[in-house]
Amino acid sequence: MSQRFFRIHPSIGVARVGDAPTEFFIGPERPNERPNYDDAQKKFRPFKDSQGRIKRQAARFRIFEYELKGTQIVPLREVTAGSQGITQVTWKAHLANRKAAFFKFDGQDGANGQWKGPETEPGVHDTTNRLRNSHVPAADRERLLVIDPGAKSISGRNTPPVPFTNTKSHIPIKSLGELRTDENGHLLVLGGPGQAQTTKPGTLINNYVNNDHWFDDMADGPVSAEVTYVVDGKTQVAKLEGDTGAWVLVGPPDFAPSVGITVRLLDTLWDVAVRFPQEVKLVDTDGLFSQGLFARLAAQRADWDAQGNTFKSYKPSFLHEVYPLLERALQQRQVHNPEASKSFHGSLAGVEQDLGSLSSSRGRRMRRTIFGYMRNPSNNTGNEPLLMPKGLGDKYSDLEVQPGPDYFMTLTRVQYAVLERWAAGEFVEDWDAAAAQAIPQAITAEGLDRAAMENSVGGPFFPGIDCSWMVRRPELYGTPFRVKHSGNVFPGAPDTLSIRPGFFSQQMALPWQADFYQCKKQLYPAAHIPYDGERMYHMWWCAHRPDDVFAKKGDLAMVSWTRELEKVAEVEAQKPELQSQATEDTPARDLAMYIQMQQKWSSLGFVLQEGEHFFESQERSK
Amino acid sequence: MWAGLCSALLLLGSTASAQPSAPGAKPSALNNGSAAEASAYYKKLARTLNFLTPETIESKANMQELLNYLGYSELTPEVVEFEAPEKLMGGGSNPASAFPYCGKSIELKSWKGDSLNRPDTAQGVTSASTGTGNIWAVECVGDKVRLKSSKGDYLHRPDSNQGITTWHTGPGNDWTAEFTSGKLMLKSWKGDYLHRPDSTQGVTTWHSGIGNQWTVVERGGPTPPPASAFPYCGKSIELKSWKGDSLNRPDTAQGVASASTGSGNIWAAECVGDKVRLKSSKGDYLNRPDSPQGVTTGNTGVGSDWKAESTNGKLMLKSWKGDYLHRPDTAQGVTSWHTGIGNQWTVVERTSPPRQKGDILVSRFFAPKIVNFAVAPEKRNIGWRRLVRINSRPNSEAAKHHVESAWILFNHFTSPPVHGPFGGGTPPGNMKNSSVNTQVSLVTHCTGTREECAEVDSIYWVDFGPSANGYKLSYQLDAFFDAGNLVAAGDTAGAAPYFVPNGCDTCHGSLKGQAILNLLDTDHWMDRLTDGDFPALARPDAPAPLFDAGKDTKSPQYAAAFDILRTVNREIADQQRRVNNQSFQLAATDKWLQLHQSSVQPEPDLLTRGFEFANLSHPLHRTRKPTPTPLTWSSKPQDKELLGLLNKYCYRCHGAIRFDVFSKDLIADQTSPMLDRIDPNPAQAKVIGFKMPPDRDLPAKDKQRLLDLLDQLDQETH
């Protein structure tokens, strides 16, 4: 064998910030595995250190060797330096934060490759104010607004941290995180402490997403490696980047690790891979997609009807493709109180056998009912608030406009098409209760990719939690789930963008805590929308940022997740300095809550599960 | 996904204290809000409606404050709760002064020719032709009459099935005077009447008959009560001092002061024997404590009794200590003193604007909605409601803030076989079977600009605790509406807290500002008499479901009482139309109004009561086979049986929440989730609120029929 094939897994790793300086945990590495969950003990490990500070979630990257089997190159084994002929592994990662220099976020502005600026009233854009910190001249923006500590390398085992220290003294952010290696020489990428500061003291956070003079330590960037090995006495070096490299996202803590998000990053990137086969290449020789769940991706691509946004003959697996989605929908009960409904989604409890059986009349009836509730992503007019998921979407607007397409959230088109086939009785009857909950013991290439993306938010994107709608751009991916390490997005468009460190985080809220406050459940309709039905709450991302929680194990009534911050904000809002800066759009209470979230986010609790109980952790808060 | 909230609100009581308190009922997962939410809501309400202030509403609000806010400071909560409907609606309360014999001595001659007599025994009454025992002194207290015997005790109706005696205190001493054909009838607190049976001698109580009728003969009493000379008995007065200010009840826990203006300047004069009592705007009385000097306020007792004297056209109020109510020569204040100009008060009769017909509507009725169905039928308490709809007076604070009317629901329970749901009386302490919790809907009608009205809720909710505890603001009512799971968990009381506003909103159409009033479905109440759920109401002596109407549906009394309900339902339809003219709730109300446009007769045929309504935009509607017109209940036996079961077990909630069982089209939409909820699997059954109905376990036979019939409908329509 003259040449060996390697890839980094996971293809996209997800790290999460935390203010505990030393303690951290490693993110999920097996399908079905939840963050920081001890499968042996059947309980979550602590999310906070002894001083009540939140532990960071590290993204661990490994190298898998592939082998040629027949016409395909398939995953063979995990490799580390010092074994299997590998003499050296040198990791490299490059984190950056470009938020303060990016365009202002305003829904889908920019989705066609041209940012017009925030919409100040329907159809009117502030074209002179397209950028955050627009007062900073173009020539100075990179220098003054971008936190880019540069690429960092690390190798060896248990290597001390290599920090992404911010070297720009005028930006009050200490670090974007650090690299470490574990006892086997795997790469650990840790994000920053979740810090947010302003360069202009006294500048309040007064917007959910765009706040000039503010900086935070969220980041993202490429992960690559050089694998040195000896073949036939000759030293070879494999450079793993691009299609063989990886990317790391740094996001906020997942405060409901026990609850899955309805549309995961895996679902979103899967959808891109199925619907954009021209851009997202999948060569027949890539054996990663010939086995396990990923084999179904290849089958779906082959069967996809792009005109109808449906499958022609594909039969989804009830166990692997339908049931997990329904289970996640049921779990939303644990983090969201719709207030008008006492037992929403209860129909989904304990009905798996029927739902997965073609012969069950009850299952047939329920499939019809469940699918009947689904909002069609290809026909999402904005006029059907009763449909599911009961969430707000990419084109939400708080301007006085009528809800239009994508005002409400939808499943991905592929998720919807899978349910459509299932509702029609065209699915594989493979229900297995034990398998549905099983966490495989083995660490696999596919499992690593899935586990990271299963626990990351894939929508809606307004702007999102871990990344925003640019993640849907198919030109980002050389192959499914692999972000290119160079090139452009929106090629040829007025605002073409380079794929570079900080690409995904630049689109997110600045500071991150601003939207983390505002992305709470929201009453529909707003005052200006004529609507004859019942008022109701819609959710955003409550599986990561809970709306409501059971405060302790066994509680029957839910309370607001941010209740303690709200109490303080209620008092703080009366202070003259907030009252004087309050506006109709941003009342003093919101200003106070922004401050609370920016300063006290790490005092918030995590929603854990023990048996059938979901409840807020009782860990000490600092 | 099917969010079939089935909350028929059942009242048990409410937690109330000076400060609305934390929940006392069992916590539940019924998503009915929280104390914190209620507190924030009340503060916002105060700010928006200018009802007290955000700082004071939780500690100060009570029903009297609400009446003042509506512009009816001359009314007291007790009057609103207990006064005879026709009197309350008719313009002004009917206190003692309306009875022409207050303060006088009378003899009551029976149809047999003898008279009501107090024999010379330790206790008791009989009938006799002559004797001092035939003379009774009339005392008028609030709207009640007391007859004091020659031996000093009172004509008394004990808490028994039947009978009469004498006693010194208690609600049994209070009688409601009614006249028929020039004869007096004395109605007891138990609902029956003082009765002279067709026997040689004796008196008792009974519901009807000529024995209830008495001829009043005014007699020179042993001590003609001086209070009868006091010309303000039963009236609202202001006492102006020689300093120009007035006797005032400040907004404190207790005490009196002097002030130039304010609702605290209004006092209700009550005449008891030869004494006068002044009842304050806060419900307590001007009181001379047992101290060397001073006045305060308190409940009844010797300190609250004053003797009215007149000098130079001024009133002087002599206390039981011998001194007088006195306004000293200070900047402010009131005390007691023996002499001086400070003892002299000018009485100004405070007449409120004349009440127009329709300003106040009152109706009392059987309320199956508030019953705990988890209790066996024979032991089940029966719910009753007294609805008082009061229009805000022009220029009142309420009217200035878009509040058109207040809909006050007093909630009462009776334990079978005892009846007499609407008890009560004044003064405080005599609150037999008073409201356990009182719900108020402040209905708005904003006529301003769209911007002005955008922030005005259609209804603002206020809840008051037990009347016997002073009608104080409460965060919650503790009720059983859909708390059957608590009973199943071993809590026999089965009450859950329903907090303002969520607990109200969820039963009234919508969260957060778009709530509607609910139809008063008299026909449904009638249905419940014969379906086995309320055996006590099937007894001949049971009160009528339309309490004020009686049982003779052809009587003028029935027509008059029904007309009030018709007016109320018309107003409800107007409110529903204003908020959402596409709602099924409005369609249901319009159907009732159509059926009862001129008829007062109950409509027992469920199919006739069915109405045409479809929710075309509901996701589940799209899963059905298309139909050219909405489905309606037909005369097919299956339809009749299914609607009957739905009416008995589901209408309590699903006459108002999410869908109405009388629309077949809406039921056809919901067949699938209904089948799941009526027959949940073990995992679903653990989801609190999932199982339907949520208030009880269905009898096995009825459950199976419901499932079979719904399954059949599901297959027909999908």
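So the protein lines, in turn, are chains F and H. Residue numbers for the first sequence follow our numbering, so the first one is 1 and each next one is one higher. Residue numbers for the second sequence follow our numbering, so the first one is 1001 and each next one is one higher. Quick reminder that beta carbons are idealized off the backbone N, C-alpha and C, glycines included.
**Asked** Whose Cβ in chain H lies nearer than 9 Å to the Cβ of F:GLY177?
**Response** Correct list: empty, because the minimum Cβ distance to chain H is about 38 Å.
**Test: F:ASP532 CB closer than 8 Å to a CB of chain H** = For F:ASP532, the nearest CB of chain H lies under 8 Å from its own CB, placing it at the interface with that chain.
**Request:** Using a cut-off of 7 Å between C-beta atoms, extract the partners of F:SER343 located in chain H.
**Result:** Under the 7 Å cutoff, chain H gives VAL1687, ILE1688, GLY1689 and PHE1690.
**Message:** List, in chain order, every chain F residue whose beta-carbon is nearer than 9 Å to that of H:GLN1356.
**Reply:** In chain F, no part has a C-beta under 9 Å from the C-beta of H:GLN1356; the shortest such distance is about 34 Å.
**Request:** Determine which residues share a DSSP beta bridge with F:HIS186 and list them.
**Result:** DSSP lists no partner for F:HIS186.
**Item:** H:VAL1388 beta carbon less than 8 Å from that of H:ILE1360
**Value:** A contact, by the Cβ cut-off of 8 Å.
**Asked** Can you list the residues of chain F that H:LEU1511 reaches, using a CB-CB cut of under 8 Å?
**Response** Simply GLU339, ALA340, LEU523, GLU534, ARG535, MET536 and TYR537.
**Prompt:** What do you reckon, are the CB atoms on F:SER258 and F:LEU240 nearer than 8 Å?
**Reply:** Taking 8 Å as the Cβ cut-off, F:SER258 and F:LEU240 do not qualify as a contacting pair.
**Prompt:** So what's H:ASN1287 in DSSP terms, helix, strand or just coil?
**Reply:** Correct three-state label for H:ASN1287: strand.
**Prompt:** Can you find a CB in chain H that lies within less than 8 Å of the CB of F:GLU384?
**Reply:** Cβ-Cβ to chain H under 8 Å: yes for F:GLU384.
**Request:** Decide if the segment 1669 to 1676 of chain H is in contact with the segment 364 to 383 of chain F; the criterion is three or more beta carbon pairs, one per stretch, under 8 Å apart.
**Result:** Yes, the segment 1669 to 1676 of chain H touches the segment 364 to 383 of chain F.
**Message:** For H:MET1316, list the residues DSSP reports as bridge partners.
**Reply:** Looking at the DSSP assignment, H:MET1316 forms a beta bridge with H:GLU1309.
**Contact set between H:ASN1395 and chain F, taken where Cβ atoms lie within less than 8 Å** = Near H:ASN1395 there are no residues of chain F at all, since even the closest Cβ is about 29 Å away, more than 8 Å.
**Asked** Of the residues H:LEU1186, H:THR1567, H:ILE1657 and H:ALA1668, which one's Cα is nearest the Cα of H:LYS1625?
**Response** Nearest C-alpha to H:LYS1625: H:ALA1668.
**Message:** If you follow the beta strand (DSSP E) that H:TYR1193 is in, where does it begin and where does it stop?
**Reply:** Per DSSP, H:TYR1193 belongs to the beta strand (DSSP E) from 1193 to 1195.
**Asked** In chain F, which residues lie with their C-beta within 9 Å of the C-beta of H:ALA1454?
**Response** The answer, in chain order, is ALA527 and HIS528.
**Prompt:** Of all the CB atoms in chain H, is at least one closer than 8 Å to the CB of F:PRO587?
**Reply:** By this cut-off, F:PRO587 is not an interface position.
**Segment contact flag, the segment 1317 to 1329 of chain H with the segment 1044 to 1052 of chain H, C-beta cutoff 8 Å, min 3 pairs** = No: the two stretches stay apart, fewer than three of their Cβ pairs being nearer than 8 Å.
**Message:** For a test of the three-state rule: what should DSSP assign to F:LEU591, helix, strand or coil?
**Reply:** Helix.
**Message:** Under 8 Å, CB to CB, which of the residues in the segment 544 to 559 of chain F have a partner in chain H?
**Reply:** Residues of the segment 544 to 559 of chain F whose Cβ lies closer than 8 Å to any Cβ of chain H, in chain order: ASP555, LEU556, ALA557, MET558 and VAL559.
**Request:** Please look up how many angstroms separate the CB atoms of H:GLU1107 and H:ASN1134, rounded, as I've assumed it's under 8 Å.
**Result:** Confirmed, about 5 Å.
**Request:** Could I get the ranges of all uninterrupted alpha helix (DSSP H) runs contained in the segment 336 to 364 of chain F, with 4 residues as the minimum, in chain order?
**Result:** Uninterrupted alpha helix (DSSP H) stretches at least 4 residues long and entirely within the segment 336 to 364 of chain F occur at 352 to 355, given in chain order.
**Asked** In whole angstroms, what is the alpha-carbon distance linking H:HIS1524 and H:ALA1549?
**Response** CA-to-CA, the gap between H:HIS1524 and H:ALA1549 works out to about 16 Å.
**Request:** State the Cα-Cα distance for the pair H:ALA1018 and H:ALA1454, rounded to the nearest angstrom.
**Result:** Unreliable placement is indicated for H:ALA1018, whose pLDDT of 39 sits below 50; the coordinate value is still reported in the next sentence. So the alpha carbons of these two residues sit roughly 33 Å apart.
**Message:** Only counting the same chain, and skipping five residues up and downstream in sequence, which positions put a Cβ closer than 6 Å to that of H:ALA1544?
**Reply:** Correct list, in chain order: GLY1550 and LYS1551.
**Request:** Compare the C-beta of H:HIS1718 with all C-beta atoms of chain F and state if any pair is closer than 8 Å.
**Result:** Yes, its Cβ sits closer than 8 Å to a Cβ of chain F.
**Message:** Against chain H, does F:SER347 count as a neighbour if the rule is that its beta carbon must be under 8 Å from one of theirs?
**Reply:** The beta carbon of F:SER347 falls within 8 Å of a beta carbon belonging to chain H, placing the residue at that interface.
**Message:** Applying the 10 Å Cβ sphere with the 16-neighbour rule, what's the burial state of H:THR1589?
**Reply:** By the 16-neighbour rule on beta-carbons within 10 angstroms, H:THR1589 is buried.
**Asked** Listed in chain order, which residues of the segment 1672 to 1686 of chain H have Cβ atoms closer than 9 Å to some Cβ of chain F?
**Response** The residues in question are SER1672, PRO1673, LEU1675, ASP1676, ARG1677, PRO1680, ASN1681, PRO1682, ALA1683, GLN1684, ALA1685 and LYS1686.
**Request:** Thinking F:SER603 and F:GLU564 are a contact (beta carbons under 8 Å), I'd like their distance in whole angstroms, please.
**Result:** That belief holds up - the Cβ atoms of F:SER603 and F:GLU564 are roughly 7 Å apart, short of 8 Å.
**Request:** Could you tell me which residues DSSP pairs with H:PRO1543 in its beta bridges?
**Result:** Per DSSP, none; premise fails for H:PRO1543.
**Message:** I believe H:THR1297 touches H:VAL1334 by the beta-carbon criterion, under 8 Å. Please report the beta-carbon distance rounded to the nearest angstrom.
**Reply:** So it is not a contact: roughly 11 Å between Cβ atoms.
**Message:** Under 8 Å, with one C-beta from each stretch per pair, do the segment 415 to 427 of chain F and the segment 311 to 319 of chain F reach the 3-pair mark?
**Reply:** Contact between the segment 415 to 427 of chain F and the segment 311 to 319 of chain F is established, with three or more Cβ pairs separated by less than 8 Å.
**Request:** With a 10 Å radius around its C-beta and 16 neighbouring C-beta atoms as the bar for buried, classify H:THR1176 as buried or exposed.
**Result:** Its Cβ being crowded by 16 or more others within 10 Å, H:THR1176 is buried.
**Request:** Could you check the C-alpha separation between H:GLY1131 and H:ASP1120 for me, to the nearest Å?
**Result:** Their backbone Cα atoms lie some 10 Å apart in a straight line.
**Request:** Taking the CB atoms as reference points, tell me whether F:GLY150 and F:SER175 lie closer together than 8 Å.
**Result:** Between F:GLY150 and F:SER175, the C-beta gap is not smaller than 8 Å, which leaves the two residues out of contact.
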